[in-house]
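Have a look at the structure below, then the notes.
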Amino acid sequence: NAIVGQSIAFIFKYANSIVKVYAVCAAMLCTSVVSAILFGTVPAFEEVAGCLVVMVSTFLYYIPSEWLLSTDTDVFESLVTWSFGPGTTDESESTRKGK
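For the sequence shown, my numbering begins at 3 and goes up steadily by one.
So this is what it looks like as structure tokens:
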């Protein structure tokens, strides 16, 4: 218990409480993986869903704020540019204009 207390104090000294929560979730994920490998346990749906929620939450916490603040239009334009290439428009748009 003393080691756990010291490690928690270290985390709070150099990070915040949100990082501690992510560290605990990562430890639970590692324990689940090791348990599945060593003991052959099958993870339950709730465990897998919880791990996915933690991974998405961690990703959203650490990505740059510019990505979160971009509008849907910016995201859509980047997807269209990635899919069709720069300067290419959608086929339905050109048919609506009578071309």
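Here a beta-carbon is modelled for each residue, glycine too, at the ideal position from N, C-alpha and C.
With a CB to CB cut of under 6 Å and the five nearest residues on each side skipped, what residues in its chain are close to Arg53?
-> Here the question's residue 53 lines up with position 51 in the sequence shown. Correcting the residue identity first, residue 53 is Cys in this sequence and not Arg. Taken in chain order, the residues that qualify are Leu31.
If we ignore side chains and look at the alpha-carbon of each, how far apart do Ser59 and Leu71 end up?
-> Sequence index remark: in the sequence shown, residue 59 carries index 57 (1-based). Sequence index remark: in the sequence shown, residue 71 carries index 69 (1-based). Each residue's Cα considered, the two are about 16 Å apart.
Limits of the alpha helix (DSSP H) - the one that Ile39 falls within | Taking the first residue of the sequence shown as 1, we reach residue 39 at position 37. Going by DSSP, Ile39 is part of the alpha helix (DSSP H) stretching over 19–41.
Taking the continuous alpha helix (DSSP H) assigned at Val50, which residues delimit it?
-> Numbered from its first residue, the sequence shown carries residue 50 at position 48. Val50 -> alpha helix (DSSP H) spans 47–64.
Does the Cβ-Cβ distance between Cys27 and Val56 come in under 7 Å?
-> On the sequence shown, residue 27 is found 25 positions in, with the first residue counted as 1. On the sequence shown, residue 56 is found 54 positions in, with the first residue counted as 1. Their beta carbons are under 7 Å apart, which means Cys27 touches Val56 by this criterion.
From which residue to which residue does the alpha helix (DSSP H) around Ser67 run?
-> The sequence position of residue 67 within the sequence shown is 65, counting from 1. Per DSSP, Ser67 belongs to the alpha helix (DSSP H) from 67–71.
When the Cα atoms are used, what is the spatial distance from Ser67 to Phe61?
-> Reading the sequence shown from its first residue, position 65 is the one you call residue 67. Reading the sequence shown from its first residue, position 59 is the one you call residue 61. Roughly 12 Å between the two C-alpha positions.
As assigned by DSSP and simplified to three states, the class of Val44 = Taking the first residue of the sequence shown as position 1, residue 44 is located at position 42. Coil, per DSSP.
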